[in-house]
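Down below is the structure, laid out as structure tokens.
In my numbering, the protein residues as written are 297 to 453.
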């Protein structure tokens with residue numbers, strides 16, 4: 297319950313009313329990028345929003361975070377077991393692995409720098425960064441919601 301309240305508070309501060317709605321708008325359902333992670337054999341569409349409706353069809357971009365290739369902390373989330381379960385094997389990612397995001401005709405490569413397990417209330421994972429970084433998150437352990445598995449990466453090109 298605290299996680300839901302914290303998420304509502306954070307989203308209400310960083311999003312427009314349209315982004316907070318329970319059902320994604322047509323604009324939110326438009327793919328903004330393609331994510332590819334060879335280590336876990338992932339290719340998925342990326343949409344704006346971190347609701348279950350978005351996670352059911354692909355990877356969700358935390359509203360208010362930068363677009364691929366921009367400075368700041370681009371935050372992406374996804375399901376591990378339900379919906380399209382793009383992040384099922386997120387825990388297999390290791391330092392040095394490459395995450396590719398293709399957006400607006402440009403290819404952006406991120407190199408994984410580390411991973412950690414945090415509480416669901418650890419919203420600091422969405423905090424802005426000075427450089428161009430990528431944060432991936434999903435529920436952990438597999439099939440449970442008691443923690444979040446977080447992977448961090450930095451833009452290389």
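Cβ atoms here follow ideal geometry from the backbone N, Cα and C, with glycine treated the same way.
query: For residue 444, I'd like the list of residues in its chain whose CB is within less than 8 Å of its CB, leaving aside the five on either flank, ordered along the chain.; result: 413, 414, 415, 416, 418, 421, 433, 434, 435 and 436
query: For residue 369, is the classification buried or exposed, using 16 other Cβ atoms within 10 angstroms of its Cβ as the cut-off for buried?; result: buried
query: Quick check on the burial criterion: 16 or more other C-beta atoms within 10 angstroms. Buried or exposed for residue 333?; result: buried
query: For a test of the three-state rule: what should DSSP assign to residue 390, helix, strand or coil?; result: coil
query: Going by the C-beta, is residue 377 closer than 7 Å to any heavy atom of the ligand SAH?; result: The model on display carries no ligand, and the ligand SAH is accordingly not part of it.
query: Would DSSP call residue 431 helix, strand or coil?; result: strand
query: Whole angstroms is fine: what's the gap from residue 388's alpha carbon to residue 327's?; result: 25 Å
query: Determine the closest residue to residue 425 out of 393, 362, 441 and 406, with distance taken between C-alpha atoms.; result: 362
query: Which value, in whole angstroms, describes the spacing of the CA atoms of residue 329 and residue 364?; result: 8 Å
query: At which residues does the beta strand (DSSP E) containing residue 350 begin and terminate?; result: That residue, residue 350, is in no beta strand (DSSP E); its alpha helix (DSSP H) goes 348-351.
query: Would residue 386 be called buried (16 or more neighbouring beta carbons within 10 Å of its own) or exposed?; result: buried
query: Let me confirm a value: residue 367 is counted as buried when at least 16 other C-beta atoms fall within 10 Å, else exposed. Which label applies?; result: exposed
query: For residue 264, which option in 379, 337, 372 and 338 has the closest C-alpha, if you only look at C-alpha atoms?; result: With the chain covering 297 to 453 only, the question about residue 264 has no answer from this structure.
query: Leaving out the 5 sequence neighbours to the left and right, which residues in its chain are closer than 7 Å to residue 325 when beta-carbon positions are compared?; result: 343
query: Taking the CB atoms as reference points, tell me whether residue 408 and residue 427 lie closer together than 8 Å.; result: no
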